[in-house]
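Per the numbering used here, the sequence shown starts with residue 40, numbered consecutively. Glycine included, each C-beta is placed from N, C-alpha and C at the ideal position. Quick caveat: nothing in here was measured; it's all calculated off a predicted structure.
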Amino acid sequence: MAKKVNRRQFLTVSLGAVGTAAAGELTALGLDTAAAQEKALTVPIKRSTQTPRLCPYCSVGCAQIVMTDNSGKIIDIQGNPDSPISEGTLCPKGAATCQLVVNDLRWTKVKHRAPGSDHWEEKSLASAMNRVAELVKKTRDASFNEFQEMPGGKAGMKKKRVMNTYAVASLGGATIDNEWNYAQQKLMHALGVVYVENQARI
Ligand code: SF4
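As structure tokens, this is what we get:
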């Protein structure tokens, strides 16, 4: 019969198991891992054309291998054991990367719910982009600061040319790659946007 394990024991051993031989330590707690290990050996590893790449999610930069079939369709994305950074491992988010592209539940159309409305309407991508551009311009025009009072040393407060707006912010998503981030920074700084942040850094 399996030994009763309290929460503290479980966490201590689980954390230790991350960097060492997990199965042996879990067995020491009385947990039977044989079935899970046996099952892991039977999980088929999908193999086809293999393309090395990096996980799109965060700045750890774990390496992945994208498996594609003969038609170029992605069939799986796995950790790349050749990586000196991640040695084939991926966190749960990275391990689910395949679902970014292969996912029947993922919305692929723009939906808009107007203020006060109780339902979503399908819109074209162009109309959504136009709406965002229209709101950014309107907000920037209404809040743009050409000059701002700032501490100027012995002279006390001094008016300085700042050319910015505090009313628009940019929050990047974890799947934004280096090139997109570069272009985003250029655009935001050209607009005078001060608040530029990325989800992966929060
Ligand atoms: S999200 Fe996870 S798998 Fe992807 S780079 Fe970050 S730690 Fe690695």
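For Q224, which of helix, strand or coil comes out of DSSP?
Counted from its first residue, the sequence shown places residue 224 at position 185. In the three-state reduction of the DSSP assignment, Q224 falls in the helix class.
Where does Y221 land, buried or exposed, given buried means 16+ other C-beta within 10 angstroms?
As a first step, residue 221 must be located in the sequence shown, where it is residue number 182. Exposed.
Quick check on E126: does DSSP put it in helix, strand or coil?
Position 87 of the sequence shown holds residue 126. Correct three-state label for E126: coil.
Below 8 Å on the Cβ atoms is my contact criterion, and I expect K177 with F186 to pass it. Report the Cβ-Cβ distance as a whole number of Å.
The residue labelled residue 177 in the question sits at position 138 within the sequence shown. The residue labelled residue 186 in the question sits at position 147 within the sequence shown. Contact flag wrong, Cβ pair sits at about 21 Å.
Helix, strand or coil for V32? Go by DSSP, reduced to three states.
The question about residue 32 has no answer here: the residues shown for the chain are numbered 40 through 241.
Please classify M106 as buried or exposed, where buried requires at least 16 other C-beta atoms within 10 Å of its C-beta.
In the sequence shown, the residue the question calls residue 106 occupies position 67. Residue environment: M106 is assigned as buried (16 or more neighbouring CB atoms within 10 Å of its CB, all protein chains considered).
Less than 8 Å between the CB atoms is what I'm expecting for M202 and G231, so what's the real figure, rounded?
Position 163 of the sequence shown, counted from the first residue, corresponds to residue 202. Position 192 of the sequence shown, counted from the first residue, corresponds to residue 231. Between the beta-carbon of M202 and that of G231 there is about 5 Å, and that keeps the pair under the 8 Å contact cut.
To the nearest angstrom, report how far apart D157 and Q138 are at their CA atoms.
Translated into the one-based positions of the sequence shown, residue 157 becomes position 118. Translated into the one-based positions of the sequence shown, residue 138 becomes position 99. Going from the Cα of D157 to the Cα of Q138 covers about 29 Å.
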